[in-house]
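To start, the structure itself, in structure tokens.
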Amino acid sequence: MEQKVKAEILNSEDIQRIITRLAHEIVEKNRGTENLVLVGIHTRGAYLATRISKKIEEIEGGQIPTGFLDITLYRDDFRTRLKQPSVEVTNIPFQIDEKVIVLVDDVLYTGRTVRAALDALMDFGRPVRILLCVLIDRGHRELPIRPDFVGKNIPTSIGEEVKLLLQEVDKEDKVLLVESPSQ
-2 MEQKVKAEIL
8 NSEDIQRIIT
18 RLAHEIVEKN
28 RGTENLVLVG
38 IHTRGAYLAT
48 RISKKIEEIE
58 GGQIPTGFLD
68 ITLYRDDFRT
78 RLKQPSVEVT
88 NIPFQIDEKV
98 IVLVDDVLYT
108 GRTVRAALDA
118 LMDFGRPVRI
128 LLCVLIDRGH
138 RELPIRPDFV
148 GKNIPTSIGE
158 EVKLLLQEVD
168 KEDKVLLVES
178 PSQ
């Protein structure tokens, strides 16, 4: 079912500028890149983490360890909502002990995805700190979760959703405000 587009919020250039700003903010808050790693939540958060990592490497030089996290089996609605779950590969090819992790997600909504990601990360070790970076914060939190880095705040009504399209998945970069399917 095609969702009705209410507005285009961000275009490709806007997204690139936001990624550049987020990269600078991450480096500034961490006072460089020492012990810094990025972990993106599948699917679009993983692509964003890769883009942010590359931008940080352009700014600071050196490589930033970047991993990808699948949270499907950690979701609190795993049994009720997902009939045939699509489980992606978790790939964190580095130790997270004593590291500062920047957890990257695309759209922050209720906070439940982030909670599941935090649970999953704890199975990999004990980081010094976990910071949350999101491209879009749309509000409507159900859990006490607040991002450290926000690309753009987009307040929505309950009948609206924010849809991120990325070149790697959707062949274009943009952020759309759409009507929820149930509307």
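Numbering (our numbering), first residue to last: -2 to 180.
For every residue, glycine included, the Cβ atom is placed at its ideal position computed from N, Cα and C.
Values in this document were obtained by computation on a predicted structure and should not be read as measured data.
Report back the beta-carbon spacing between Arg72 and Leu105 to the nearest angstrom; my notes put them in contact at under 8 Å. About 15 Å separates the two Cβ atoms, so there is no contact after all.
Figure out for me which residue from Thr47, Pro62, Leu161, Ala114 has the closest Cα to the Cα of Val2. Nearest neighbour of Val2 by Cα position, chosen from Thr47, Pro62, Leu161, Ala114, turns out to be Leu161.
Indicate, with yes or no, if the ligand SAH has a heavy atom lying under 7 Å from the CB of Gln13. In terms of ligand content, the structure shown is empty, and the ligand SAH therefore cannot be addressed.
Per DSSP, the bridge partner or partners of Glu157: Glu176
Under DSSP, the alpha helix (DSSP H) around Glu165 begins and ends at which residues? 164 to 167
Out of Ser177, Ile151, Leu33, Glu25, point me to the one whose CA is closest to Glu158's CA. Ser177
Taking a contact to mean a Cβ-Cβ separation below 8 Å, would you say Val24 touches Gly64 in this structure? no
What separation, rounded to the nearest whole angstrom, lies between the Cα atoms of Arg112 and Leu7? Going from the Cα of Arg112 to the Cα of Leu7 covers about 27 Å.
Under the DSSP definition of a beta bridge, which residues are partnered with Phe146? Note: Phe146 sits in a beta bridge opposite Cys130.
Take Glu165 and list the residues in its own chain whose beta-carbon comes closer than 6 Å to its own, dropping the five residues that flank it on each side. Tyr44
Output needed for Arg109: all residues of its chain with C-beta closer than 8 Å, excluding positions within five of it in sequence on either side, in chain order. Arg72, Asp73, Asp74, Glu139, Leu140
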